[in-house]
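Numbering (this note's numbering), first residue to last: 2 to 141.
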Amino acid sequence: MNLITAFPKSPRDSMHGLVHLPRMIDKARAYKAKTLVEYIYPCPLDKIILNFIKSDAEEFVNFVNNHDETQILDWIKEKCQNRNEREKSFINQQILGRSPDGKERWDFFYEIRNKIAPSRTDITTWVDLIDLEEGRLQHQ
């Protein structure tokens with residue numbers, strides 16, 4: 002994945018019932034290819050998934066860069082075999098609802114949002130900001 006020329010998938014995209022996972026795969030592949038540019042791997046949202054599947058950033062990078070989509074899905078299913086839908090839903094809400102956690106982070110968040118679309122005061126989560134910044138949400 003070359004994040005110099007393309008955006009990673011939306012954090013709302015899902016795999017095996019987990020949001021953000023397809024985006025994380027894109028970023029892990031870009032990390033290995035040294036085309037991550039300004040993206041962060043592993044970012045705080047990635048770490049939520051890594052913790053949930055009981056993996057670490059290095060193992061994840063190595064696996065997704067050496068296996069195809071079917072093998073990755075099978076690996077994720079195996080990693081989640083003791084997880085139920087309620088746990089997946091909880092993790093999804095942790096990711097989709099995550100907002101800045103302190104004044105400095107809010108200031109940083111507002112600075113980015115206001116450069117892109119100052120009228121979008123409804124944008125209050127990192128996922129919304131990512132989708133706004135990458136053109137998946139309207140600037141209005």
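Note that CB positions come from ideal geometry on N, CA and C, so glycine has one too.
Quick caveat: nothing in here was measured; it's all calculated off a predicted structure.
Inter-residue CB distance, residue i and residue j (contact presumed, cutoff 8 Å)
i   : j    : result
I92 : I49  : 6 Å
S11 : D132 : 6 Å
Candidates the options: closest to residue i by CA position
i    : options                  : result
F64  : K89, A7, V38 and K33     : K33
T126 : R13, E79, I5 and T6      : R13
H45  : N67, A31 and H21         : Looking at the sequence provided, one finds Pro at residue 45 rather than His. P45 has its Cα closest to that of H21, out of N67, A31 and H21.
D69  : I26, L97 and P119        : I26
K80  : I54, N115, D132 and D108 : I54
V38  : E112, N85, T6 and Q139   : T6
I77  : R87, E112, L51 and S90   : L51
Three-state class that DSSP yields for residue i in the structure shown
i    : result
M16  : strand
P119 : coil
A29  : helix
D57  : coil
T36  : coil
P43  : coil
E135 : coil
D102 : coil
N63  : helix
R84  : coil
Nearest-angstrom Cα separation, counted from residue j out to residue i
i    : j    : result
F8   : M2   : 9 Å
I189 : D47  : Here the chain comprises residues numbered 2 to 141, so residue 189 is not present and cannot be evaluated.
A58  : P43  : 6 Å
K28  : K35  : 10 Å
F61  : A118 : 34 Å
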